[in-house]
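The opening position of the sequence shown corresponds to residue -8 in my numbering, with each subsequent residue numbered one higher.
Every residue gets a Cβ at the ideal spot worked out from N, C-alpha and C, and that includes glycine.
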Amino acid sequence: MALDALFPADLEPVREAARRALGTIRQADSTTRAGKNFLHDAKRTEAGRDLPSYYLVYFLLVDLLGFTDLGQSEKIAWSVPIDFKGEAFLVEHRKFGLGLFARNPSTQEGDAKQIVVRIRKAVKAARPYFDWLASEAVVRSQVNIRNNSAPLFGRYEFLLASYRTKQGEAERRKDERIVEKGKTKHGTWTSVTYPTYQLRREGSWLALSAIEAFFSWSEHVLIHLAVLSRKITSANEVAHLAEASWAAKFGAAIGLTDPVAKLHYDRMATIRQDLRNYVAHGSFGKQGEAFSFHSGAGAVPVLLPHKRGSNRFTLGHGLEFDAEEAFSAIDRFISFLWSGDRAPARLYIQESYLPVILPYATNGMYAQAMTSIEEMETFISHLSEEVDRSANMDW
């Protein structure tokens, strides 16, 4: 169904306000002065560089106010001829951006500035319409989901490599001592420091940051995987899952019925609870981790070792923990994530940089692509070509 058929009556005043804001700008017609080859010879004005975003201008002129779009042509996505003071101008989205084009910019720049001012005012007046348009697209799930998987994983790899570099330096310098001596009026002093102590502490900070980065990546990936696997198919489901816990995302994308999946889930949940969440909550935690109770033995941590069970990741004194064990569990989880029938998804989510196109979750295109590595490679190649053609406006 066309959106115009769904246009709510209470937005009609918005349409009228946008028309008034345009003033004397109207759809070009047979009475508009234009040269014989105006459509091909019109040149870009400087004023046009201040137009609002191309999609807002298109929605304003074509969708809301019914101006004619001449359609696509070489290196042009859309073209709307307008009339201002009886003279023809073009509002076009070309390969090098949206612009306002005139027969002779050197003499028409003043009019072009007035047109841009009026279009900007009309766009501002039309804001309620744009909000409605976006909400309707979400309701109908006619949306793409941005794919940031590669840069998010790159952040994790960078921090992990930085941690290991720091740890390597700490190991090389473990026997190093720095001795400093000096004198004061009260006598001499000697200071001994061990660089490896500070290096290992900095390595611990980097390890925690890497784990934060891993969970950021995994939350993003699990949502995309749930769509490619057709576990969720609507924009509302995506929005709700984005706000849900990591556990909910894991359940939606992978599920917990498989014992192997449950094992990986338990490991990641432990890391998340005892490391990531502890630091995220100001290093206080939710189980009294920051407390020590008074005793004849002195101050004793409230979270005693016997309460930790088989937990191998729990923070000990300060921010020290077994980082290598945590990263080993993460590596095993990543291998599991991209195994079996989820393997084709890795090519799309982690390597292609393509957005997840929600309608493809319901029309069978992702289902077909997910049947094998070869099918996914073919699908990615085709879709990448379509995206490149669109970006280059090679219609």
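Buried/exposed call for residue i, threshold 16 Cβ in 10 Å
i, result
"residue 263", "buried"
"residue 215", "buried"
"residue 422", "With the chain represented from -8 up to 386, any question about residue 422 goes unanswered, as that position is not in the structure."
"residue 72", "buried"
"residue 46", "exposed"
"residue 133", "exposed"
"residue 175", "exposed"
"residue 285", "exposed"
"residue 36", "buried"
"residue 382", "exposed"
"residue 305", "For residue 305, the predicted structure reports a pLDDT of 48, less than 50, and the residue's modelled location is therefore unreliable. The matter cannot be settled from this model."
"residue 258", "buried"
"residue 157", "buried"
"residue 343", "buried"
"residue 288", "exposed"
"residue 177", "exposed"
"residue 138", "buried"
"residue 328", "buried"
"residue 209", "buried"
"residue 0", "exposed"
"residue 254", "exposed"
"residue 87", "exposed"
"residue 337", "buried"
Nearest candidate by alpha-carbon position, reference residue i, set the options
i, options, result
"residue 169", "192, 184 and 223", "184"
"residue 364", "46, 332, 344 and 208", "332"
"residue 372", "246, 339 and 355", "339"
"residue 241", "344, 379, 324 and 131", "324"
"residue 38", "207, 171 and 102", "102"
"residue 191", "161, 207 and 171", "161"
"residue 265", "289, 317, 234 and 167", "317"
"residue 20", "-2, 81 and -1", "81"
"residue 219", "315, 97 and 362", "362"
"residue 15", "95, 105 and 60", "105"
"residue 3", "56, 127, 173 and 213", "56"
"residue 353", "85, 131, 370 and 337", "131"
"residue 203", "248, 179 and 149", "149"
"residue 380", "179, 64 and 107", "64"
"residue 127", "341, 6, -2 and 99", "-2"
"residue 111", "40, 249 and 179", "40"
8 Å contact criterion, which residue i and residue j should meet: CB distance rounded
i, j, result
"residue 335", "residue 367", "4 Å"
"residue 164", "residue 181", "Actually they are not in contact, since the Cβ atoms of residue 164 and residue 181 sit about 20 Å apart, beyond 8 Å."
"residue 51", "residue 89", "The Cβ separation is near 12 Å, so there is no contact."
"residue 83", "residue 92", "6 Å"
"residue 358", "residue 221", "6 Å"
"residue 349", "residue 135", "7 Å"
"residue 79", "residue 25", "4 Å"
"residue 23", "residue 62", "About 19 Å; that fails the 8 Å criterion."
Spatial neighbours of residue i in its chain, beta-carbon cut-off 7 Å, leaving aside the 5 residues before and after
i, result
"residue 205", "147 and 321"
"residue 113", "9, 12, 13 and 51"
"residue 252", "245 and 246"
"residue 239", "232"
"residue 217", "223, 232, 243 and 244"
"residue 207", "143"
"residue 34", "92, 93 and 96"
"residue 211", "139, 140 and 143"
"residue 376", "none"
"residue 121", "47 and 50"
"residue 256", "241 and 247"
Cβ-based neighbour list, residue i, same chain, cut-off 6 Å, excluding 5 preceding and 5 following
i, result
"residue 58", "18, 52 and 71"
"residue 309", "The pLDDT assigned to residue 309 is 46, lower than 50, so where the model puts this residue is not dependable, and the model offers no usable value."
"residue 154", "194, 197, 198 and 201"
"residue 171", "182"
"residue 314", "198"
"residue 378", "none"
"residue 99", "93"
Cβ neighbours of residue i in the same chain (closer than 8 Å, five flanking residues each side left out)
i, result
"residue 129", "226, 227 and 230"
"residue 109", "12, 13, 14 and 16"
"residue 85", "66, 67, 68 and 384"
"residue 167", "185, 186 and 187"
Contact test: residue i Cβ vs the ligand GTP heavy atom, cutoff 7 Å
i, result
"residue 165", "The ligand GTP is not part of this structure, which contains no ligands at all."
Cutoff 8 Å: residue i Cβ touching any chain B Cβ
i, result
"residue 124", "As a matter of chain content, chain B is missing from the structure shown, which is built from one protein chain."
Per the contact definition of three or more C-beta pairs closer than 8 Å, is the segment 61 to 68 in contact with the segment 107 to 123? no
Quick test of the definition: if touching needs 3 or more C-beta pairs under 8 Å, does the segment 222 to 231 touch the segment 194 to 205? no
Is the segment 138 to 153 touching the segment 19 to 37, taking contact as three or more C-beta pairs under 8 Å? Counting Cβ pairs under 8 Å, fewer than three are found: no touch.
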